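Read the structure below first, then the notes.
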């Protein structure tokens, strides 16, 4: 039976996180605290040894997190980005809530942000990436630097949790999720998870 070690890392604190942005933008950079978090992340990730593949969402905050954590060799991908907030990307969540008071109550995963995408659309692209790039890595160690939404999608899938409960996992910046996965007939089965 083939196995896979999958390590998920949420990016360090960004200026958008501090500002309370609805979603970040590709250009959203780390705060000073975020830079310190990413540097400290290096020691925690060394315990895993050498990774066979390192994939990074192609946003500035995740690239900065990976580099400051000591990873210069990485594969960038747009498929691991956070949900595209469209016209509201980078703008305060409080303003969005004032303009669209019922948008999240209840959360409709099919409803897209104005000129952006829905959480379902984000989920489909993330799971496509996992199926095509990660699942074939038999007996390998794979590291992903990404965002809270994509991490939730992956965890909901592996724990077999209905997406109606999205986002169930509230992980701090620079959180590390360590997953041991069995690969059986093209399916990923969760064996062990550590947060």
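In this note's numbering, the protein residues as written are 708 to 902. From the three backbone atoms N, C-alpha and C, an ideal C-beta is built for every residue, glycine too. No experiment lies behind these values; they were computed from the predicted model shown.
Exercise. DSSP on residue 870, reduced to helix/strand/coil?
Worked result: Looking at residue 870 - three-state DSSP - the assignment turns out to be helix.
For this session: Report back the beta-carbon spacing between residue 821 and residue 795 to the nearest angstrom; my notes put them in contact at under 8 Å.
Result: Indeed they touch by this definition, with Cβ atoms about 6 Å apart.
Exercise. Is residue 883 near the ligand FMN, with its Cβ less than 6 Å from a heavy atom?
Worked result: With respect to the ligand FMN, the structure shown offers nothing to examine, as it has no ligands at all.
Problem set entry | From 831, 749, 864, residue whose alpha carbon lies closest to that of residue 786 | Residue 786 has its Cα closest to that of 831, out of 831, 749, 864.
For this session: Excluding the 5 residues preceding and the 5 following residue 714 in the sequence, name in chain order all residues of the same chain whose CB lies nearer than 8 Å to its CB.
Result: The residues are 752, 755, 758, 848, 849, 850, 851, 883, 884, 885, 886.
Exercise. Would you call residue 724 buried or exposed, if buried means 16 or more other Cβ atoms sit within 10 Å of its Cβ?
Worked result: With 16 or more other Cβ atoms within 10 Å, it is buried.
Exercise. If you count every other CB in all the chains shown that lies within 10 Å of the CB of residue 877, and 16 or more means buried, which is it?
Worked result: Answer is exposed; the Cβ neighbour count stays below 16.
For this session: Output the distance between the C-alpha atoms of residue 798 and residue 879, rounded to the nearest integer angstrom.
Result: Their backbone Cα atoms lie some 20 Å apart in a straight line.
Exercise. Apart from the five residues on each side of it in sequence, which residues of its chain come closer than 6 Å, Cβ to Cβ, to residue 773?
Worked result: If we look at residue 773 and ignore the five residues flanking it on each side, its Cβ neighbours are 763, 781, 852.
Problem set entry | Length at least 3, wholly inside the segment 823 to 867: the beta strand (DSSP E) runs in chain order | Given a length threshold of 3 residues, each whole run of the beta strand (DSSP E) inside the segment 823 to 867 is given here in chain order: 847 to 853.
Problem set entry | Simplified DSSP state of residue 782, which is helix, strand or coil | Here residue 782 sits in strand by DSSP.
For this session: Could you name the residues that DSSP lists as bridge partners for residue 888?
Result: According to DSSP, residue 888 bridges with 711, 897.
Problem set entry | Supposed close pair residue 863, residue 789 - CB separation, criterion 8 Å | In fact, because the Cβ distance is near 15 Å, the residues do not count as touching under 8 Å.
Exercise. To which residues of the same chain is residue 738 closer than 6 Å at the C-beta, ignoring the five residues directly before and after it?
Worked result: Here the set comprises 720, 722, 725.
Exercise. Where does the unbroken beta strand (DSSP E) through residue 764 begin, and where does it stop?
Worked result: For residue 764, the uninterrupted beta strand (DSSP E) segment begins and ends at 760 to 764.
Problem set entry | Beta-carbon contacts of residue 708 that lie in its chain and below 7 Å, excluding the five residues immediately before and after | Cβ contact annotation for residue 708 (same chain, cutoff 7 Å, sequence separation greater than five): 889, 891, in chain order.
Problem set entry | Span of the alpha helix (DSSP H), counted from its first residue to its last, around residue 723 | From DSSP, the alpha helix (DSSP H) with residue 723 extends over 722 to 726.
Problem set entry | Endpoints, alpha helix (DSSP H) assigned at residue 751 | Where residue 751 is concerned, the enclosing alpha helix (DSSP H) starts and stops at 739 to 753.
Exercise. Does the Cβ of residue 769 have 16 or more other Cβ atoms within 10 Å, making it buried, or fewer, making it exposed?
Worked result: Answer is buried; the Cβ neighbour count reaches 16.
Exercise. The alpha helix (DSSP H) spanning residue 804 covers which residue range?
Worked result: Residue 804 -> alpha helix (DSSP H) spans 800 to 806.
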